[in-house]
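Have a look at the structure below, then the notes.
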Amino acid sequence: MLHHPAPTHPPPPPQPPPPPLPIPPPSSLTTTTTPPLPNPSIALQALQQQNSEPTLLLPTSSAPDTVRRPTKRLNEDIETSSNSDPQEDTVVATTQLADREREKMPPYQSKVKVLEKYHIIGFISSGTYGRVYKAKSKIAGNKGEYAIKKFKPDKEGEVIQYTGISQSACREMALCSELSHENIIHFHEIILEDKCIYMVFEYAEHDLLQIIHYHSHTPDRRPIPEATVKSVLWQLLNGISYLHQNWVLHRDLKPANIMVTAAGEVKIGDLGLARLFYKPLQSLYTGDKVVVTIWYRAPELLLGSKHYTTAIDTWAVGCIFAELLALRPIFKGEEAKMEKKSTLPFQRNQMAKIIEILGTPTKERWPEVAQNPEYNQLASFKQYNNNLEVWYNSIGQKNKHGLNLLQGLLEYDPTRRLSAQQALEHPYFHEAAKLSLKYAFPSRCISFVGPSGLIP
1 MLHHPAPTHP PPPPQPPPPP LPIPPPSSLT TTTTPPLPNP SIALQALQQQ
51 NSEPTLLLPT SSAPDTVRRP TKRLNEDIET SSNSDPQEDT VVATTQLADR
101 EREKMPPYQS KVKVLEKYHI IGFISSGTYG RVYKAKSKIA GNKGEYAIKK
151 FKPDKEGEVI QYTGISQSAC REMALCSELS HENIIHFHEI ILEDKCIYMV
201 FEYAEHDLLQ IIHYHSHTPD RRPIPEATVK SVLWQLLNGI SYLHQNWVLH
251 RDLKPANIMV TAAGEVKIGD LGLARLFYKP LQSLYTGDKV VVTIWYRAPE
301 LLLGSKHYTT AIDTWAVGCI FAELLALRPI FKGEEAKMEK KSTLPFQRNQ
351 MAKIIEILGT PTKERWPEVA QNPEYNQLAS FKQYNNNLEV WYNSIGQKNK
401 HGLNLLQGLL EYDPTRRLSA QQALEHPYFH EAAKLSLKYA FPSRCISFVG
451 PSGLIP
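Number 48 in full-length UniProt numbering belongs to position 48 of the sequence shown; there are no gaps in the numbering.
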């Protein structure tokens, strides 16, 4: 039997390469935080993004085109090998072009250093986060003063090793870059150096802790004028209301974190413990072990609640209000130290200080109090009546609207506690204009550094 070979067909003619894609103008390759690119080769940019430190992120819409935008030379390379796979040739030609461009690359230029842009005047303060310095700009025409926060490097064992950015630093950088309000400290920029992160803020001459300390140490313990207290409190509530309207809990309000400029503008700072929240569907469960400095910590937190709201911030505002009036913390308890890292101790002494002034929390005053994990601890406390009015009168205060506002901010039940917006509309502020502070305070204490201006 004869076998006939299967018919053959001539091979299809080679397909022409795809036409060059239009190259967008340089303005489309810029971001809102970087100057326009000097229009280098797109292929070189792609190679740099893969093999070097990422210093610039291009818009995502241009990413798919970074290997498929042929230049004139690249088109010629593709035409000489039209019988092969066009897509493969594009990649090969791009690599060849990158090799040629690499030979013409300028020497690597390091990132800007903090001491190149700012002259360090002195040291302001330090904390668990790091250190804060006062500085002036070295840029011509910019005479502004700034506060530069230097974050501590992470520590492993006895050797300090850079292991990344801390959670609080990430929060503060993310939130500060998004927030903009007259009563929130203005964030200027971030500077990254080798194993160091700096955040640059506007400089404020005072903070509430320093102002309270100044008045409490005058010979006659001169109180802060009522108009000043009203101005500070109104601006503080105005800033907190803005945070809450933008789904941000501050969670660490205290006098040291409330700045005041020379013009009398109140600025809320230190957002390292701030968190986003969403209501009413998602109650915030915290995995953090410490939230809010103990003297300003709301009773629901002291009783172990893991679901809390913006009411924890307004409680802290109430504590700050009382401290501005009395020149001392209203609930100055002693903090119980942690014996085990896995469990938080019940802050018995702090809860006792609150009960002595506000009385024992009952189910009538706080219907959901029994749902708190540490509720059974309350049975061991001595029973007290509400003595807030007695305390208010004992410090020489006679303004009934002020007492009513304080009672609303220091309400046991978080659902009945005044919100920041409700407090702003309180009659206490209707008695006087909401003016900026017009009162002279001593400048913030600065420890001056040497002529070199080095940051240790």
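Every residue, glycine too, gets a C-beta built ideally from N, C-alpha and C.
Buried or exposed (CB count within 10 angstroms, at least 16 for buried), T55:
Because the pLDDT of T55 is 31, which lies under 50, any placement of that residue in the model is unreliable, and the number read from its coordinates should be weighed accordingly. With fewer than 16 other Cβ atoms within 10 Å, it is exposed.
Ignoring anything shorter than 3 residues, give me the beta strand (DSSP E) runs that lie fully in the stretch 115-192, in order along the chain.
Entirely contained in the stretch 115-192, the beta strand (DSSP E) runs reaching 3 residues are, in chain order, 118-126, 130-137, 145-151.
How many Å lie between L388 and W247 at the Cα?
31 Å
Under the three-state reduction of DSSP, which class applies to E364: helix, strand or coil?
coil
Cα separation between L410 and P225?
Taking the straight line joining both Cα atoms gives about 22 Å.
Taking 8 Å as the line, does the beta carbon of A256 fall inside it for any heavy atom of the ligand SAM?
Ligands displayed in this structure: none; no statement on the ligand SAM is therefore possible.
Separation of S380 from V260, as counted between CA atoms:
Going by the C-alpha atoms only, they are around 42 Å apart.
Expressed to the nearest angstrom, what Euclidean distance is found between the alpha-carbon atoms of Y133 and E193?
16 Å
Among H307, L418, G269, Y118, the one whose alpha carbon lies nearest that of H181
G269
Considering only their Cβ atoms, is the gap separating E356 from D413 smaller than 9 Å?
no
Along the beta strand (DSSP E) that carries K267, what are the first and last residues, could you check?
266-268
Just tell me which of G408, S177, A370, W391 has its CA closest to the CA of G272.
S177
Three-pair Cβ contact test at 8 Å for the stretch 325-334 versus the stretch 303-317
Too few Cβ pairs lie closer than 8 Å, so no.
Can you find at least 3 beta carbon pairs, one from the stretch 308-315 and one from the stretch 392-406, that sit closer than 8 Å?
No: the two stretches stay apart, fewer than three of their Cβ pairs being nearer than 8 Å.
Can you check which of these residues, G264, T360, N385, is closest to N376 by C-alpha distance?
T360
Same chain, Cβ closer than 8 Å to H426, neighbours up to 5 away in sequence not counted
Only residues of its own chain outside the window of five on either side were considered, and among them H401, N404, L405, G408, L418 have a CB closer than 8 Å to the CB of H426, listed in chain order.
Nonlocal neighbours in the same chain, by C-beta distance under 6 Å from K149, ignoring five residues either side
V132, M199
Taking all protein chains shown into account, do 16 or more other C-beta atoms lie within 10 angstroms of the C-beta of L276, making it buried, or fewer, making it exposed?
exposed
Roughly how many angstroms separate the alpha carbons of A336 and G144, rounded to a whole number?
43 Å
Delimiting residues of the beta strand (DSSP E) encompassing M338
Counting along the chain, M338 falls outside any beta strand (DSSP E), and DSSP gives it neither H nor E.
C-alpha gap between C196 and F151, whole angstroms
One C-alpha to the other measures close to 7 Å.
Let me know the secondary structure DSSP gives Y428 once reduced to three states.
helix
I121 and K136 look like a contact to me (Cβ under 8 Å); what is the Cβ gap, rounded to whole Å?
6 Å
For the candidate residues G318, N372, K382, Y203, whose alpha-carbon lies nearest to that of N349?
K382
In whole angstroms, what separates the C-alpha of I139 from that of Y118?
8 Å
Nonlocal neighbours in the same chain, by C-beta distance under 7 Å from I165, ignoring five residues either side:
I197
Have a look at M173 and I190 and give me their C-alpha separation to the nearest angstrom.
8 Å
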